[in-house]
Amino acid sequence: MSISLANVIGDTVVAKFPTELKDIYFIKDSINKTPKGKIYSKYFNTIKQLQNHGLVDKKMYQSTESNLPTNRSSSSFDNMIEIEDVSTYISQLHHEVLTWPEIEIIWSKTTNYRLKNIKEDGNIFVNWKHFKEPMGYRLVNIDFKKMYPECSFIENFEKSQSNLLTVLKEKIKDPSSKKQLDEMLKTSYLTENCKNAVLFFLLHSVFIPSSRKTTRDENGKISSKKFSIRDSQNSFVILGKTSADWRSYISKKNTKIQPCLVIIGEINDPKQIMGVLLMALSIS
C-alpha cells in the first residue's frame, strides 16, 4: 500500500463520515516520514495474517510493493533510500506485534534512514522506541556495524590494552580502586578474561559519575542522591559468592536491569565469569 493510496482512503472515510477525524485513520509524520493510523495498521496486520496462513506469497507481496512509485531521500551512509519501502518497515515497527528476531531484521533494513533521521531529529527514543527495550543494545550494534563495517571491538581492544592500563595508573584517585589495580598487577595467575573484567571495572573510577537522582516521598519531601563510583561499578558488575547469591539479588531488585557482567567470587579473584567479557561487551 502506497502512502498516497492510504491518504485517499483516509479522505474518503472523512467524506462519508464527517464526524470522524482523518488523523485517526491516516497521518503522515512530516519529520520522519512514518505514516500512522488505523489504515496502515489494518493493512499490515491483514497481510501478515494472510502470509502466516500461506494465502499470500511473501515474495509476491514484496515484489508488488517494490513496483509502487517511491520518493527518495539521500543519506551520507549509503547512496539512496527508498522512503516508500522504509515507511512500510517503520509502520510495522510501530503498529505490529513482532518477535525480537523480526524486529532485528526490519531494523537492519532501515539503518540508513534511521541514521539520517537521528541527525535531523532529537526525539530518538520516541521515533525509535525499541532502543529502550532490554535487548536494545543489539539494535545499537546493528547500526554501528553498518556505519563502521571494518571495525572490531575485540581487535581494537587488544591493540590498545597497554595504553588503557597506563591511563588507569595515572588517573585513578579512588583508594579502593587503586588497591584493586595494584592487586591485579601483582597477581600472576589471572586469566585474560579476569584481567579484562578488572580493567573495565576500574574504568568507572576514571569516568566518575556526575548525575543525580531526585525523588519525592509520600509526604512530598524531595531528596537528591548523587551517584558514587561504587554505584557505577555495581551497575556494571553483579558479584555473588555463589550462583544462588546473584540470582537472589536480581529477584529481590524486582526490576528490569541493563546488560551487565555477572561474576561468581570477587572481582580480583573470580571463580567464574558468565561468558567471555570482550565478546559480551562487543555486542552491548
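Counting from 1279, one number per residue, gives the positions in the sequence shown under the numbering used here. Even glycine gets a Cβ: it sits at the ideal position worked out from N, Cα and C.
Looking only at DSSP bridge pairs, what is residue i linked to?
i, result
"L1517", "I1541"
"D1547", "E1544"
"K1314", "I1305"
Evaluate residue i with the Cβ neighbour count: other Cβ atoms within 10 Å of its Cβ, from every protein chain shown; 16 or more gives buried, anything less gives exposed.
i, result
"I1545", "buried"
"Y1426", "exposed"
"F1403", "exposed"
"T1297", "exposed"
"T1324", "exposed"
"S1483", "buried"
"D1460", "exposed"
"Q1327", "exposed"
"S1502", "exposed"
"K1294", "exposed"
"L1446", "buried"
"M1413", "exposed"
"A1284", "buried"
Rounded to the nearest angstrom, what separates residue i and residue j at their Cα positions?
i, j, result
"V1408", "Q1329", "Contrary to the premise, residue 1408 reads as His rather than Val in this sequence. In a straight line, the C-alpha of H1408 is about 24 Å away from that of Q1329."
"T1444", "D1452", "16 Å"
"I1359", "I1384", "Here I1359 scores only 41 on pLDDT, less than 50, and its place in the model should not be relied on; the value that follows carries that caveat. Cα to Cα, the separation comes out at about 14 Å."
"W1406", "Y1391", "12 Å"
"I1302", "G1315", "5 Å"
"V1292", "S1282", "16 Å"
"I1486", "K1456", "14 Å"
"Q1458", "A1522", "25 Å"
"L1417", "Y1467", "37 Å"
"I1450", "N1441", "14 Å"
"G1259", "I1528", "In the structure as shown, the chain begins at 1279 and stops at 1562. Residue 1259 is therefore absent and cannot be evaluated."
"D1547", "N1471", "12 Å"
"L1481", "S1454", "13 Å"
"F1435", "L1371", "34 Å"
"I1361", "F1514", "Since pLDDT at I1361 reaches only 45, below the 50 mark, its modelled position is unreliable, and no value is offered."
"Y1318", "E1398", "25 Å"
"P1379", "N1512", "30 Å"
Under the three-state reduction of DSSP, which class applies to residue i: helix, strand or coil?
i, result
"T1389", "helix"
"S1502", "strand"
"Q1451", "A small correction: the amino acid at residue 1451 is Lys; Gln does not occupy that position in the sequence shown. In the structure shown, K1451 sits in coil (DSSP, three-state: anything other than H, G, I, E or B)."
"T1493", "strand"
"I1396", "helix"
"N1357", "Interpretation of N1357 is limited by its pLDDT of 38, a score under 50 that renders its predicted location unreliable; the figure taken from the coordinates is listed afterwards. Note: N1357 maps to strand in three-state DSSP."
"I1567", "What the structure shows of the chain is the stretch from 1279 to 1562, and residue 1567 is not part of that stretch, so it cannot be assessed."
"D1289", "helix"
"N1532", "coil"
"Y1426", "coil"
"E1343", "Since pLDDT at E1343 reaches only 45, below the 50 mark, its modelled position is unreliable, and the value read off the structure follows with that caveat. Residue state, collapsed to three classes: helix."
"S1369", "helix"
"M1413", "coil"
"S1466", "coil"
"T1377", "coil"
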